[in-house]
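Novice:
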């Protein structure tokens, strides 16, 4: 086992560590055991992760004398719904998971979200430990306590903030990911450079392909840097009343694209985020905040890596309709008093929240993308 680094999420009495390393899953009991009120956990995972990593985790827990009740959910974004949440809560109650017991979320963002939401509500609050198995979850979704399910109105509109006791990030498990999943997570890595660290974006321009192909040093640096940035933002604004909203750079567009496709798997979350990042820069450029050269750098890097650098090719049968996408945006969590909220940028690495975006500008950006 090798620990590359530990990031502290400084939230007072609810502070916790994000431990990043290789081989951590095989020795998970050393990190998890000391946090348990009694040696008993419930593992929530999905049908894909089950065959890849569940046995490693349960063997480690058994060596530490920790018993585990395992619940396997279907893989995919469509699992994040009320029906599956109810079924999960019923199974946790059937297993007599107590308020002082701990739930382990072993999987990507979907599992982290639904297991976290279940933990937030089970017996009015049960501890959870996040063990993310995708790049996207390791750099973003598993850190910060956001949990949610999707509804017909949009993504992540019903949920709770429920901080984990620990986030255990084994870089080694990323070696089992399909390339498309790695690329999806990489979009969130790029996001950090664009919203708050231009030098990190420059590093990604030079080293991003090494992160994608699995170079251990490059992946370690990318995950640790992203985790540190996420932890700093969360510590300063846990409830997303201010700076934490910056983490949604590109996401207003991204969630609209996902919603229009019905979360059917044709467009992964990170792919939608990549498209959203470009569109956010185009919107910022339209408002005179960034140059065409800066927007071009973002578009070029994402395209070279293999991510959407504009409206994705995966589209509804009738094609992308800007007005339908705008309607989805009106359900976005950042809408206040009926006004759309967007994360815009004043140059690379300098994002801010804007609540005075004219819908005509949004439609103009989308129309221009379709015409390109």
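In the working numbering, the protein residues as written are 13 to 384. Ideal Cβ positions, reconstructed from N, Cα and C, are used throughout, including at glycine.
#1: Tell me where the beta strand (DSSP E) around residue 162 begins and ends.
#2: With DSSP as the reference, label residue 144 as helix, strand or coil.
#3: Is there contact between the region 81–90 and the region 174–188, where contact requires at least three CB pairs shorter than 8 Å?
#4: Note the first and the last residue of the continuous alpha helix (DSSP H) segment covering residue 185.
#5: From the DSSP output, in three-state form, read off residue 57 for me.
#6: Grab me the residues of residue 287's own chain with a C-beta within less than 7 Å of its C-beta, minus the 5 sequence neighbours each way, in chain order.
#7: Can you name, in chain order, every residue of its own chain whose Cβ lies under 6 Å from the Cβ of residue 278, other than the five neighbours on each side?
#8: On the CB-based measure, 16 or more other CB atoms within 10 Å of its CB, does residue 139 come out buried or exposed?
#9: Taking Cβ to Cβ, would you say residue 200 is nearer than 8 Å to residue 151?
#10: Residue 113 by DSSP, collapsed to three states: which one?
#11: Where does residue 274 land, buried or exposed, given buried means 16+ other C-beta within 10 angstroms?
#12: Taking the continuous alpha helix (DSSP H) assigned at residue 232, which residues delimit it?
#13: With DSSP collapsed to three states, give me the class of residue 79.
#14: Is DSSP giving residue 28 helix, strand or coil here?
#15: Provide the residue span of the beta strand (DSSP E) that contains residue 259, from first to last.
#16: Pair every Cβ in the region 340–358 with every Cβ in the region 366–377, then say whether three or more of these pairs are closer than 8 Å.
#17: Helix, strand or coil, according to DSSP, for residue 308 in the structure here?
#18: For residue 283, tell me which candidate among 303, 197, 225 and 341 has the shortest Cα-Cα distance.
#19: When you compare each of 167, 145, 147 and 141 to residue 157 by their alpha carbons, which one comes out closest?
#20: To the nearest angstrom, how far is it from the Cα of residue 163 to the Cα of residue 170?
#21: Which residue marks the beginning of the beta strand (DSSP E) containing residue 355, and which one marks its end?
#22: Rounded to whole angstroms, how far is the Cβ of residue 54 from the Cβ of residue 113, which I believe are closer than 8 Å?
#23: Under the rule that 16 or more other beta-carbon atoms within 10 Å means buried, what is residue 105, buried or exposed?
#24: Excluding sequence positions up to five away, which residues of its chain have a Cβ less than 6 Å from the Cβ of residue 52?
#25: Apart from the five residues just before and just after residue 94, which ones in its own chain have a Cβ nearer than 7 Å to its Cβ?
Specialist: A quick look at the data gives this:
#1: For residue 162, the enclosing beta strand (DSSP E) stretches over residues 158–163.
#2: DSSP places residue 144 in strand when its eight states are reduced to three.
#3: As far as the Cβ criterion goes, the region 81–90 does not touch the region 174–188, which means the pair count is below three.
#4: From DSSP, residue 185 is part of no alpha helix (DSSP H); its letter is neither H nor E.
#5: Under the three-state reduction of DSSP output, residue 57 falls in the strand class.
#6: Excluding sequence positions up to five before and after residue 287, its CB lies within less than 7 Å of the CB of 265, 266, 269, 320, 322, 323 and 324, all in the same chain and listed in chain order.
#7: For residue 278, where only same-chain residues beyond five positions count, the Cβ hits under 6 Å are 326.
#8: Buried, by the Cβ-count rule.
#9: With respect to residue 151, residue 200 sits close: the two C-beta atoms are nearer than 8 Å.
#10: Residue state for residue 113 is assigned as coil, using DSSP reduced to three classes.
#11: Residue 274 is exposed by the Cβ-count criterion.
#12: Note, residue 232: alpha helix (DSSP H), 228–248.
#13: Note: residue 79 maps to strand in three-state DSSP.
#14: Strand.
#15: Run containing residue 259: none; DSSP gives neither H nor E here.
#16: With three or more CB-CB distances shorter than 8 Å, the region 340–358 counts as touching the region 366–377.
#17: Assignment of residue 308 by DSSP, reduced to helix, strand and coil, places it in the helix class.
#18: Checking every option, the nearest Cα to that of residue 283 belongs to 197.
#19: With distances taken between Cα atoms, residue 157 lies closest to 141.
#20: One Cα belongs to residue 163, the other to residue 170, and the distance between them is close to 8 Å.
#21: Where residue 355 is concerned, the enclosing beta strand (DSSP E) stretches over 354–357.
#22: Going by Cβ atoms, the distance from residue 54 to residue 113 rounds to 7 Å, so yes, they are a contact pair.
#23: The residue in question, residue 105, is exposed, as its Cβ has fewer than 16 Cβ neighbours within 10 Å.
#24: Cβ-Cβ distances below 6 Å link residue 52 to 79 and 113 in the same chain, with the five nearest sequence neighbours on each side left out; the list follows chain order.
#25: So the qualifying residues of the chain are 161.
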